[in-house]
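These notes are about the structure you will find just below.
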Ligand code: PGA
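Numbering (the working numbering), first residue to last: 517 to 765.
Set out below in structure tokens:
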């Protein structure tokens with residue numbers, strides 16, 4: 517059975533001191549667990565977290581974004597090659613907060629995934645509908661359009677990505693998609709991947725959006741939910757560890 521992946525998305529939170537104690541607690545508490553985990557940290561802390569995570573393999577390092585450009589005059593951007601210098605294993609691309617506040621288009625997200633893949637970094641490609649989309653019955657159309665752009669640009673490499681289904685209305689709101697609602701969308705995404713690659717079963721499809729210690733086990737028991745992308749609950753060691761434990765069962 518494929519291992520589940522639990523990735524923390526710290527967003528714009530943390531400090532040198534807070535990161536050190538959070539990571540220490542997570543590393544201690546996760547010893548021996550049979551699951552893949554990662555922390556996607558602010559770029560400013562990549563060097564710190566790389567040093568703390570060195571020499572162990574349970575918790576991998578991730579970034580929250582990557583530039584769609586390779587190199588050059590792009591002030592403020594961070595390239596996939598630079599991330600690779602810090603042994604970054606995963607890069608979140610197309611998070612709804614990037615799509616919303618930085619006007620990232622489907623095409624830009626697809627290019628970011630391509631840059632990550634060509635540097636040997638696994639992109640965690642986020643897709644998800646807004647509440648208005650869901651109420652208009654457009655959930656399937658929206659997530660398929662978002663994933664189609666990434667499939668189109670990345671061709672046969674598509675089996676190397678991780679997908680995260682994150683309904684925008686569930687992010688940071690305490691409203692979680694029900695396991696049935698999430699599974700229904702995950703099945704749609706799996707079918708779309710199957711049409712693009714014979715290795716679709718290998719692709720981990722994570723759920724994100726108010727996943728927490730209390731609801732993780734039920735969400736993770738769904739057939740097409742292969743892990744979680746965790747925002748708020750990844751900032752508390754005890755909560756993050758409980759989610760990792762639920763995934764390791
Ligand atoms: P949340 O965030 O767990 O705080 O809802 C998830 C995410 O945005 O990745």
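Just so you know, even glycine gets a beta-carbon here, dropped at the ideal spot from N, CA and C.
Quantities reported herein were computed from a predicted structural model and do not represent experimental measurements.
beta-carbon residue 700 near the ligand PGA non-hydrogen atom, thresh 7 Å: For the purposes of this step, residue 700 is taken as residue 184 along the chain shown, with counting starting at 1. Set against 7 Å, the gap from the CB of residue 700 to the closest heavy atom of the ligand PGA is not smaller.
Opposing strand residues paired with residue 552 [DSSP bridges]: Along the chain shown, read from residue 1 onward, the residue named residue 552 stands at position 36. 521, per the DSSP bridge assignment.
Selection from 603, 577, 714 and 568 that minimises the alpha carbon distance to residue 533: To locate residue 533, count along the chain shown from 1; it is residue 17. Looking from the CA of residue 533, the closest CA among 603, 577, 714 and 568 belongs to 568.
Buried/exposed call for residue 727, threshold 16 Cβ in 10 Å: By one-based count along the chain shown, residue 727 stands at place 211. The residue in question, residue 727, is buried, as its Cβ has 16 or more Cβ neighbours within 10 Å.
Residue interval of the alpha helix (DSSP H) (run including residue 802): With the chain represented from 517 up to 765, any question about residue 802 goes unanswered, as that position is not in the structure.
Reference residue 747, options 700, 732, 737 and 632, closest by Cα: Locating residue 747 in the chain shown gives position 231, counting from the first residue. Answer by Cα proximity: 732.
Assumed close pair residue 577, residue 559 - CB separation to whole angstroms, cut-off 8 Å: In the chain shown, counting from the first residue as 1, residue 577 sits at position 61. In the chain shown, counting from the first residue as 1, residue 559 sits at position 43. 11 Å between Cβ atoms; not a contact.
Cβ shell of residue 691 (< 7 Å), same chain only, five flanking positions each side left out: Position 175 of the chain shown holds residue 691. Hits under 7 Å: 685 and 726.
Element boundaries [alpha helix (DSSP H), containing residue 579]: In the chain shown, counting from the first residue as 1, residue 579 sits at position 63. Taken as a continuous stretch (DSSP letters only), residue 579 belongs to no alpha helix (DSSP H), being part of the beta strand (DSSP E) at 575 to 579.
Close Cβ partners of residue 521 (< 6 Å) along its chain, the five nearest in sequence each way excluded: In the chain shown, counting from the first residue as 1, residue 521 sits at position 5. Cβ neighbours of residue 521 beyond the five flanking positions: 552, 720 and 743.
Validate contact between the segment 581 to 592 and the segment 529 to 549 using beta carbons, cut 8 Å, 3 pairs: Result no; under three Cβ-Cβ pairs closer than 8 Å.
Heavy atom of the ligand PGA within 7 Å of residue 579 beta-carbon: Here residue 579 is taken as the residue at index 63 of the chain shown, counted from 1. Every heavy atom of the ligand PGA is 7 Å or more from the Cβ of residue 579, so no.
beta-carbon residue 736 near the ligand PGA non-hydrogen atom, thresh 7 Å: Position 220 of the chain shown, counted from the start, is the residue given in the question as residue 736. It does not: the Cβ of residue 736 is nowhere closer than 7 Å to a heavy atom of the ligand PGA.
Distance, residue 608 Cα to residue 745 Cα: If you number the chain shown from 1, residue 745 lands on position 229. If you number the chain shown from 1, residue 608 lands on position 92. Computed Cα separation, rounded: 10 Å.
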